[in-house]
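Structure first, then comments.
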Amino acid sequence: MSGAASEKKLKHLEMIQAVINRLASNSFRVKGWSVVLVTALLALGAQNGSARMALVSLIPVLVFWGLDGYYLSQERLFRALFNCVRAKDEVDFSMDVGRRRWRDWWLAVLSATSWPFYAALAAAALAGLALLGTTGDTT
109 MSGAASEKKL KHLEMIQAVI NRLASNSFRV KGWSVVLVTA LLALGAQNGS ARMALVSLIP
169 VLVFWGLDGY YLSQERLFRA LFNCVRAKDE VDFSMDVGRR RWRDWWLAVL SATSWPFYAA
229 LAAAALAGLA LLGTTGDTT
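Using this note's numbering, read the sequence shown as starting at 109 and increasing by one per residue.
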């Protein structure tokens with residue numbers, strides 16, 4: 109591979125790696141926001157004695173879990189593209205990661221880095237619901 113082609117390949121790999129880094133950063137932010145939002149809703153429910161707020165806190169858990177799964181599935185596709193480009197000799201600067209499948213998203217949602225985190229958040233929301241449901245009124 110010539111020096112110019114090698115430089116192009118390196119630039120292409122850097123572009124792909126930048127996308128991977130952004131997706132990983134977004135996933136980290138989603139996890140952080142989910143903790144903040146669920147905690148705030150549970151605190152608001154505890155302050156008002158409202159079990160509904162604890163129930164409402166389950167909604168962001170599910171939404172952020174799905175979004176985090178999306179970011180992880182995309183990250184996996186771009187990692188596969190990175191490996192494909194790394195092995196190729198020609199450089200076409202393609203960022204096409206191929207066809208997206210629901211199965212990839214489900215596998216990401218159920219990954220070892222995702223489900224324990226969001227299951228723990230859901231358990232906290234359900235514990236808050238149980239505590240507020242027995243001690244407060246449901247208004």
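Positions of the beta carbon are idealized from the N, C-alpha and C atoms, including for glycine. Being a predicted model, the structure only gives us computed values, none of them experimental.
Are residue i and residue j closer than 8 Å when you measure CB to CB?
i              : j                 : result
leucine 163    : leucine 237       : yes
leucine 189    : valine 138        : no
alanine 233    : valine 169        : yes
leucine 166    : alanine 230       : yes
isoleucine 128 : phenylalanine 201 : no
glycine 177    : alanine 216       : yes
When we look at the beta-carbon of residue i and count the other beta-carbons within 10 Å, is it buried (16 or more) or exposed?
i              : result
isoleucine 124 : buried
valine 144     : exposed
tryptophan 173 : buried
leucine 240    : buried
serine 110     : exposed
methionine 203 : exposed
For residue i and residue j, what's the separation of their Cα atoms in angstroms?
i              : j              : result
glycine 206    : tryptophan 213 : 14 Å
alanine 126    : valine 193     : 14 Å
alanine 159    : leucine 149    : 10 Å
tyrosine 226   : serine 135     : 13 Å
glutamine 182  : glutamate 115  : 26 Å
lysine 119     : aspartate 197  : 14 Å
tryptophan 141 : alanine 112    : 43 Å
threonine 247  : alanine 154    : The predicted position of threonine 247 is uncertain, since its pLDDT is 48 and thus under 50; no value can be drawn from it.
Can you list, in chain order, the residues of its chain whose CB lies under 7 Å from that of residue i, leaving out five sequence neighbours each side?
i           : result
alanine 132 : Glu183
serine 219  : Leu180
alanine 228 : none
Excluding the five sequence neighbours on either side, which residues of its own chain have a C-beta within less than 6 Å of the C-beta of residue i, listed in chain order?
i           : result
lysine 117  : Val199
alanine 195 : none
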